[in-house]
Amino acid sequence: MGRLRSIAFIGVDGSGKSTQARLLRRYLQRDGAAIVEAHSYGLKVLRFVAGRARRGDRSPATAATSDGSARRLIALAEMFDIALYAWARYLWARTKALRSQQPCWLVSDRSFDDVLAKHLQLGTWPPSMLRAIRRLSPPIEMTIWLRIEPEIALARDRDFPLSYYERADAAYSQLSQWVHVSVISTTEIGAEVAACHVRRMLSLDDREPIAGNPWDRVVSQKRT
619 MGRLRSIAFI GVDGSGKSTQ ARLLRRYLQR DGAAIVEAHS YGLKVLRFVA GRARRGDRSP
679 ATAATSDGSA RRLIALAEMF DIALYAWARY LWARTKALRS QQPCWLVSDR SFDDVLAKHL
739 QLGTWPPSML RAIRRLSPPI EMTIWLRIEP EIALARDRDF PLSYYERADA AYSQLSQWVH
799 VSVISTTEIG AEVAACHVRR MLSLDDREPI AGNPWDRVVS QKRT
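If you count the sequence shown from 1, position 47 lands on 665 in the working numbering, and the numbers rise without skipping.
Here it is, written out as structure tokens:
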């Protein structure tokens, strides 16, 4: 029976979450580890409701989303929706671990904490309420906040104005005060260096380096 291990990458757009999740999966898969991927953000079950709305099936109540109480109810539905998805992926990963002789990894590109940071940023619910709602999420062994300066995030992502990245960074900073996270700054380091930091945090540096990966060779040489 294999062991379940889990990691989630959180942070603003452009911080490198998808890249780190991909590099970690590639590193783990070469030894035959079972991998379960998760992207705990955006609509899950509710996407079907959103799809109907996009096709024009909207009621006056649905359109009145600018009202504060309506926004809070919609945000609450979104958080329950994503919590359900996160639990489904967690239970699937645990099931695979029970069936496998190798470790099973649940690797999340974004997590429930990203959803909480979003609503901290928007001020939808007070922090005390969001802290209580976080109890809905499944346990994660390690959450890594890939922190990046807002100006660099803007240069990489370019989907939003600078003020968005500044508010998002402030929300993650607030979140980190009551959620245990490990922090890697990706402002001045490349993806491969950040990936080495991730593996050190997960105690994976005793493994042989990936062939052709210069940063893995550097880590291996330092270790010996």
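Just so you know, even glycine gets a beta-carbon here, dropped at the ideal spot from N, CA and C.
Rounding to the nearest angstrom, what Cα-Cα distance links residue i and residue j in this structure?
i      : j      : result
SER718 : GLY620 : 5 Å
VAL725 : GLY686 : 35 Å
ALA786 : GLU767 : 11 Å
GLN638 : LEU793 : 21 Å
LEU642 : THR742 : 34 Å
ILE828 : LEU822 : Its pLDDT being 45, under 50, ILE828 is placed unreliably in this model, and the value from its coordinates should be taken loosely. Rounded to whole angstroms, ILE828 to LEU822 spans 12 Å at the Cα level.
THR805 : TRP763 : 12 Å
ILE625 : LEU740 : 26 Å
TRP705 : CYS722 : 16 Å
ALA789 : GLU810 : 27 Å
ALA701 : PHE730 : 7 Å
LEU820 : PHE698 : 29 Å
ILE653 : ALA711 : 8 Å
ARG776 : ARG644 : 28 Å
ILE628 : ILE692 : 23 Å
TYR782 : ASP631 : 10 Å
SER803 : ARG765 : 5 Å
SER800 : LEU661 : 27 Å
PRO745 : THR713 : 34 Å
Since residue i sits in a beta bridge, which residues does DSSP pair it with?
i      : result
ARG648 : DSSP lists no partner for ARG648.
LEU724 : SER624, VAL654
SER791 : None; SER791 has no bridge partner.
Name the two residues that bound the continuous alpha helix (DSSP H) containing residue i.
i      : result
ASP699 : 686-717
VAL816 : 809-819
Which two residues bound the contiguous beta strand (DSSP E) that contains residue i?
i      : result
ARG621 : No beta strand (DSSP E) holds ARG621; DSSP gives it neither H nor E.
VAL801 : 800-803
Within 9 Å of any Cβ in chain D, is that where the Cβ of residue i sits?
i      : result
ARG752 : Here there is only one protein chain, and chain D is not present.
Hey, would you say the C-beta of residue i is under 8 Å away from at least one heavy atom of the ligand PLP?
i      : result
GLY650 : Although the ligand PLP was asked about, the structure shown includes no ligands whatsoever.
**Asked** At what residue ranges does the stretch 736-784 contain a whole run of the alpha helix (DSSP H), taking only runs of 4 or more?
**Response** 745-751, 768-775
**Prompt:** Can at least three beta-carbon pairs, one atom from the stretch 694-710 and one from the stretch 752-760, be found at a separation below 8 Å?
**Reply:** Three or more beta-carbon pairs drawn from the stretch 694-710 and the stretch 752-760 are found closer than 8 Å, and the two stretches are therefore classed as touching.
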